[in-house]
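For reference, each letter of the sequence shown is one residue, going 1 to 516 in my numbering. What follows is a short report on a single structure.
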Amino acid sequence: MTKVYVPRDVVALALGADRIAKKIAQLAAARGADVTIVRNGSRGMFFLEPLIEVETGSGRIGYGPVSPADVTSLFDAGFLTGGAHPLRIGKPEEHPFLAKQNRLTFSRIGITDPVSIADYEAHDGWKGLKKAIEIGPAAIIQEVTQSGLRGRGGAGFPTGIKWKTVSDCVDDRKYVVCNCDEGDSGTFADRMVLEDDPFMLIEGMAICAVAIGATKGYVYCRSEYPHGARAFNEALTHARAAGWLGKNIKGSNHSFDIELRMGAGAYVCGEETSLLESLEGKRGLVRAKPPLPAHKGLFQKPTVVNNVLSFAAAPYILAEGGAAYAAFGMGRSRGTMPLQIAGNVKFGGLFETAFGLTLGEIVEEIGGGTRSGRPVRAVQCGGPLGAYFPRELFDTPFDYEAFAAKDGLIGHGGLVIFDDTVDMADMARFAMEFCKIESCGKCTPCRIGSTRGQETIEKIMRGENVSANLIVIEDLCQTMKFGSLCALGGFAPYPVLSALRHFPEDFRPQTAAAAE
Ligand SMILES: Cc1cc2nc3c(=O)[nH]c(=O)nc-3n(C[C@H](O)[C@H](O)[C@H](O)COP(=O)(O)O)c2cc1C
Ligand code: SF4
1 MTKVYVPRDV
11 VALALGADRI
21 AKKIAQLAAA
31 RGADVTIVRN
41 GSRGMFFLEP
51 LIEVETGSGR
61 IGYGPVSPAD
71 VTSLFDAGFL
81 TGGAHPLRIG
91 KPEEHPFLAK
101 QNRLTFSRIG
111 ITDPVSIADY
121 EAHDGWKGLK
131 KAIEIGPAAI
141 IQEVTQSGLR
151 GRGGAGFPTG
161 IKWKTVSDCV
171 DDRKYVVCNC
181 DEGDSGTFAD
191 RMVLEDDPFM
201 LIEGMAICAV
211 AIGATKGYVY
221 CRSEYPHGAR
231 AFNEALTHAR
241 AAGWLGKNIK
251 GSNHSFDIEL
261 RMGAGAYVCG
271 EETSLLESLE
281 GKRGLVRAKP
291 PLPAHKGLFQ
301 KPTVVNNVLS
311 FAAAPYILAE
321 GGAAYAAFGM
331 GRSRGTMPLQ
341 IAGNVKFGGL
351 FETAFGLTLG
361 EIVEEIGGGT
371 RSGRPVRAVQ
381 CGGPLGAYFP
391 RELFDTPFDY
401 EAFAAKDGLI
411 GHGGLVIFDD
421 TVDMADMARF
431 AMEFCKIESC
441 GKCTPCRIGS
451 TRGQETIEKI
461 MRGENVSANL
471 IVIEDLCQTM
481 KFGSLCALGG
491 FAPYPVLSAL
501 RHFPEDFRPQ
511 TAAAAE
């Protein structure tokens, strides 16, 4: 029997993976080949999807990108034994895009069947939770603190401190809430965890529950992830049946269960307090802080809200020790970050690496430059509220502090690449428009400022009173930055100001400059 792996990740599905799986099954039957098709996750090399792999005596051999029309020629070439074919890439793990990574969190992704609990266990699954139950809350928090893990949702707050704050609260009920709203442009790492390794998220949340003494957890998932939701719910059922969730987990005195809730689609519902409101069934309005969610969160009870990637890092940290995780990275940015390389880029996909690579290395060497073949002009890092980096800043290391020093943010690790045809004034205009559309409306600088900001940039683009309007927009950005209640209004100025600073020529159209 030969195992053939056909990914079930939506990227592969969008490119015909289901039809490929069907065709492989049909041809195998017609040709009398004994084939078992495994629906694995994606390796994250989207430029090779659908990447079909075959288990051979010398390991797994990949072929990609495969289209349904290629399947007959793959059979003819003897792909079931690793035969030569123009789409053959050799062993996936030896492909430079994968070989250069430090896959701590994504170690299983693309390799296992995401909803097979046996496969999860066979690939080091549950090791972290077993250890957590054995060592107890204080030692868990010690490991997470030592790992240096910082929240991967955007703000980079130390996870160990957050867990300790909730652990120290005395209350009859505490909650673990996973933020899987993943609203940032060009990001997909949370989706991949949900679809391609859902047990890892369950394990990470359960570790947190043991650490803080919570019995109930929620995953708040964006509505655009139906495949991820299905995979996660299936994994929940298996985990309950196997005793990793529910009453007295694996005979311990810890009980914990998780529920998945779908959002209705609002960027601001990724903001943690707005998310909690939404989870409580209310409109997604941002809450004023304090109180922090750690003290009064879901239903006013102490709550840990963490991003998917923060929870997903916990199983490795517990299994291997905080020091092993902290051994990767630079400065105060410890461990690894699953970079999501997107936009106009040749090699788009997920690249998990220790902090410290320069932006230029990521974009030019790993990403391979633009897909259009034109020069890279700008990279937006950290989602729609992140700054635009010009080539001149390509020596900036991927590190929380180094990016902040350049008025940027690494956020959730998304990088959207643009070539030299991009109009940066239009990008700045879009940042304000995005903020206008997504604003929850609670505070004036964001609600009104974003509308006025969009109008003012449009005037600049039309060449109306450019110099005066440039002063207005700078002033407005400062008001939004310092006067907004949350980071939606507070950070929308970053793409605008970075576009103004690094690409001033785009804000002075020839006609306007000449007219003044
Ligand atoms: C407008 C806005 C949108 C956000 N969207 C997300 C999101 O989609 N996912 C996420 O994890 N964090 C998001 N955050 C950050 C959360 O408020 C919060 O900091 C995070 O969930 C905490 O988890 P972490 O410490 O693991 O990063 C957003 C923040 C703001 C202001
Ligand atoms: S900054 Fe915008 S999204 Fe945040 S609270 Fe104010 S109005 Fe709402």
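Ideal Cβ placement from N, Cα and C applies to all residues, glycine included.
Spatial distance of residue i from residue j (CA atoms)
i	j	result
residue 298	residue 344	39 Å
residue 506	residue 321	50 Å
residue 197	residue 95	21 Å
residue 247	residue 316	24 Å
residue 104	residue 340	15 Å
residue 19	residue 8	11 Å
residue 515	residue 424	Bear in mind that the predicted position of residue 515 carries a pLDDT of just 49, short of 50, making it unreliable; the figure below should be weighed with that in mind. Their Cα atoms are separated by approximately 21 Å.
residue 207	residue 240	15 Å
residue 467	residue 426	17 Å
residue 521	residue 307	There is simply no residue 521 to check, as the chain begins at 1 and stops at 516 in what is shown.
Residue i, DSSP secondary structure in three states
i	result
residue 496	helix
residue 101	coil
residue 9	coil
residue 292	coil
residue 240	helix
residue 259	strand
residue 462	helix
residue 410	coil
residue 233	helix
residue 344	coil
residue 486	coil
residue 18	helix
residue 31	helix
Residue i CB to nearest heavy atom of ligand 1 below 7 Å
i	result
residue 431	no
residue 159	yes
residue 436	no
residue 310	yes
residue 152	yes
residue 184	yes
Beta-carbon proximity list for residue i, same chain, < 6 Å, skipping 5 on both sides
i	result
residue 15	49 and 50
residue 473	456
residue 374	419 and 420
residue 265	223
residue 88	63
residue 271	286 and 486
residue 23	68 and 71
heavy atom of ligand 2 below 7 Å from residue i C-beta
i	result
residue 409	no
residue 484	yes
residue 452	no
residue 443	yes
residue 304	no
residue 439	yes
residue 385	no
residue 446	yes
Option nearest residue i by Cα separation, candidates the options
i	options	result
residue 113	76, 199 and 181	199
residue 348	11, 386, 432 and 389	11
residue 137	478, 401, 253 and 44	253
residue 149	311, 241, 459 and 361	311
residue 100	230, 108, 352 and 27	352
Nonlocal neighbours in the same chain, by C-beta distance under 7 Å from residue i, ignoring five residues either side
i	result
residue 302	166, 169, 171, 174, 294 and 295
Beta-carbon proximity list for residue i, same chain, < 8 Å, skipping 5 on both sides
i	result
residue 390	377, 378, 502 and 503
residue 234	115 and 198
residue 218	175, 176, 177, 178, 258, 259, 260, 261, 279 and 298
residue 500	428, 470, 473, 474 and 507
8 Å Cβ cutoff, residue i in contact with chain E
i	result
residue 422	Looking at the structure shown, chain E is missing, and only one protein chain is on hand.
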